[in-house]
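J.: With the sequence shown counted from 1, adding 664 to any position gets you our numbering.
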Amino acid sequence: MISIKNVRKSFQTKQGTLTAVDNVNLEINEGEIFGVIGYSGAGKSTLIRMLNKLESPTEGSITIAGREISKIKGAELRKARQEISMIFQHFNLLWSRTVRENIAFPLEIAGVSGAERKRRVDELIKLVGLEGRESAYPSQLSGGQKQRVGIARALANNPKVLLCDEATSALDPQTTDSILELLVDINKRLGLTIVLITHEMHVIRKICHRVAVMENGGIVELGPVLDVFRNP
Ligand code: ADP
Ligand code: ADP
């Protein structure tokens, strides 16, 4: 599903060239929940941001669902961005819009008609368990409910891949577990490929099939979670 080949990403800074991701090779399978763990500054965000072209690699290639995303632009890039959606640590919701309007937003952008949009939003609200909160504003929601809105919005255009950038790091442990359970449920029900980055071992142990450990821009360990984190 996702193939990352010899990818390097460098930034030019006042101090000189900073290599955030260094010669990474990775294959992520369709339907997999894949975790990337590492300390702050390891390069996780930069890696995941290259998967939806928020950043472009300095070197190497990234292919998702048969498309080499480092090469596409225009309409094809917009299409690819619908297929690869993302949720964030701080939710990135529109604060002046209700739950319903937040979830409808990507459908509006994609030009989905009013009636179809309503049907789809109702379905998404049910999927993430936000029935009864449709008219609330983000400021009236708990952290877990806000992330449920983020998830519903991310799923609106039926993506093939869901990227999660520290999606539970702002939540308490109990809420974290309920959001992780929702992600597992979505993975099973929709067959969605999930790539998540985190600095929390617990998150990886709870839901990931395989994990890559990142350090200084490179992958230092890769394999099934039980092999990488086995107890001695
Ligand atoms: P992580 O997500 O693991 O915390 P990041 O990918 O955010 O790591 O950062 C990796 C390194 O790249 C850090 O040293 C960070 O400061 C640097 N970095 C990330 N984005 C930029 C940027 N836009 N410009 C310059 N340096 C950056
Ligand atoms: P995260 O919490 O996901 O690691 P950060 O707060 O480190 O994210 O970074 C937020 C944004 O700032 C990202 O777009 C990242 O690319 C950028 N960034 C991170 N480090 C630097 C840096 N040293 N110089 C410029 N931009 C940076």
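Quick reminder that beta carbons are idealized off the backbone N, C-alpha and C, glycines included.
Predicted model only: the values in this text are computed from it and were never measured.
Here's a check: name, in chain order, each residue in its chain whose Cβ is nearer than 7 Å to the Cβ of alanine 834, leaving out the five neighbours to either side.
T.: As a working mapping, residue 834 is identified with position 170 in the sequence shown. Only Gln753, His754, Gly807 meet the Cβ criterion.
J.: Using 7 Å as the cut-off, classify the Cβ of lysine 708 as near or not near the heavy atoms of ligand 1, replying yes or no.
T.: Taking the first residue of the sequence shown as 1, we reach residue 708 at position 44. Checking the Cβ of lysine 708 against ligand 1 gives yes.
J.: Given a cut-off of 8 Å on the beta-carbon distance, is the pair isoleucine 767 and leucine 826 in contact?
T.: Position 103 of the sequence shown, counted from the first residue, corresponds to residue 767. Position 162 of the sequence shown, counted from the first residue, corresponds to residue 826. Cβ distance not < 8 Å, so isoleucine 767 and leucine 826 don't count as in contact.
J.: Taking the CB atoms as reference points, tell me whether leucine 718 and valine 859 lie closer together than 8 Å.
T.: Against the sequence shown, residue 718 aligns to sequence position 54. Against the sequence shown, residue 859 aligns to sequence position 195. Against a cut-off of 8 Å, the Cβ pair of valine 859 and leucine 718 comes out as no contact.
J.: Between Gly882, His866, Glu879, Asn880, which has its C-alpha nearest valine 889's C-alpha?
T.: Position 225 of the sequence shown, counting from 1, holds the residue named residue 889. Looking at the Cα atoms, His866 is the closest of the given residues.
J.: Thinking methionine 878 and glycine 707 are a contact (beta carbons under 8 Å), I'd like their distance in whole angstroms, please.
T.: Position 214 of the sequence shown holds residue 878. Position 43 of the sequence shown holds residue 707. Indeed they touch by this definition, with Cβ atoms about 6 Å apart.
J.: From what residue to what residue does the beta strand (DSSP E) around valine 875 run?
T.: By one-based count along the sequence shown, residue 875 stands at place 211. Unbroken beta strand (DSSP E) run through valine 875: 874-879.
J.: By how many angstroms is the C-alpha of leucine 741 removed from the C-alpha of isoleucine 883?
T.: Here the question's residue 883 lines up with position 219 in the sequence shown. Here the question's residue 741 lines up with position 77 in the sequence shown. Rounded to whole angstroms, isoleucine 883 to leucine 741 spans 27 Å at the Cα level.
J.: Determine the DSSP secondary structure at threonine 840, reduced to helix, strand or coil.
T.: Within the sequence shown, the letter at position 176 stands for residue 840. Reduced to three states, the DSSP call for threonine 840 is helix.
J.: Check whether the Cβ of alanine 834 sits closer than 7 Å to any heavy atom of ligand 1, and report yes or no.
T.: Taking the first residue of the sequence shown as position 1, residue 834 is located at position 170. Answer for alanine 834: no, Cβ out of range of ligand 1.
J.: Touch check for the stretch 844-858 and the stretch 762-778: three-plus C-beta pairs under 8 Å?
T.: With a cut-off of 8 Å, the stretch 762-778 and the stretch 844-858 do not count as touching, because too few Cβ pairs lie within range.
J.: Return yes when the C-beta of alanine 876 is under 7 Å from any heavy atom of ligand 1, and no when it is not.
T.: Numbered from its first residue, the sequence shown carries residue 876 at position 212. The answer is no for alanine 876.
J.: Ordered along the chain, which non-local residues of its own chain (more than five positions away) have a Cβ less than 6 Å from that of arginine 797?
T.: Along the sequence shown, one-based indexing puts residue 797 at 133. Answer for arginine 797: Val763, listed in chain order.
J.: Does the Cβ of aspartate 829 have 16 or more other Cβ atoms within 10 Å, making it buried, or fewer, making it exposed?
T.: Within the sequence shown, numbered from 1, the residue matching residue 829 stands at position 165. Buried is the call here.
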